[in-house]
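Take a look at the structure set out below.
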Amino acid sequence: MQSPLKPVDDPVMRKLVALVWDQLPNSAHQARVYLLEQLHALEQEALETGADAGTLRSIRATQDIVRRSDPLMGA
267 MQSPLKPVDD
277 PVMRKLVALV
287 WDQLPNSAHQ
297 ARVYLLEQLH
307 ALEQEALETG
317 ADAGTLRSIR
327 ATQDIVRRSD
337 PLMGA
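Per the working numbering: the sequence shown = residues 267 to 341.
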């Protein structure tokens, strides 16, 4: 029997989840712009701290989801 998946113990991934959890439910354009700014800062932190490639892909995928969810960003 396989063991259940365990969450990744990565501080950058925890920040990513917290940002999305706090901001994405707010559908206002300004909140999405703020979230993208925070995601870009998180991406920079991940690059500076040597985060794994999966973490970077997750951050970038989240940025794409936020952009596509906002009609004012050309979704």
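Backbone N, C-alpha and C fix where the C-beta goes; we use that ideal spot for every residue, glycine too.
Considering only the alpha carbon of each residue, which of the options lies closest to residue i?
i, options, result
"Arg280", "Leu338, Arg333, Ala317, Asp336", "Ala317"
"Thr328", "Val278, Asp288, Leu282", "Leu282"
"Arg326", "Asp276, His306, Leu338", "His306"
"Arg334", "Ala284, Ala319, Leu302, Arg323", "Leu302"
Sorted by chain position, which residues of the same chain lie with C-beta nearer than 7 Å to residue i's C-beta, five sequence neighbours on each side aside?
i, result
"Leu336", "First, the residue type needs correcting, since residue 336 is Asp and not Leu in the sequence shown. Cβ neighbours of Asp336 beyond the five flanking positions: His295, Arg298."
Short of 8 Å in beta carbon distance, which residues of its chain neighbour residue i, apart from the five on each side in sequence? Order them along the chain.
i, result
"Met267", "A caution first: Met267 carries a pLDDT of 40, below 50, which makes its placement in the model unreliable, though a value can still be read off. Excluding sequence neighbours, Met267 sits near nothing in its chain."
"Ser269", "With a pLDDT of 42 at Ser269, under the threshold of 50, the modelled position of that residue is not reliable, and the figure given next carries that caveat. Closer than 8 Å at Cβ, skipping near neighbours: no residue."
For residue i, count neighbouring Cβ atoms within 10 angstroms of its own Cβ and tell me buried if that reaches 16, exposed if not.
i, result
"Glu309", "buried"
"Leu338", "exposed"
Please go through the same chain and pick out, in chain order, the residues whose beta-carbon is closer than 6 Å to the beta-carbon of residue i, but skip the five residues on each side of it.
i, result
"Val278", "Ala312, Ala317, Thr321"
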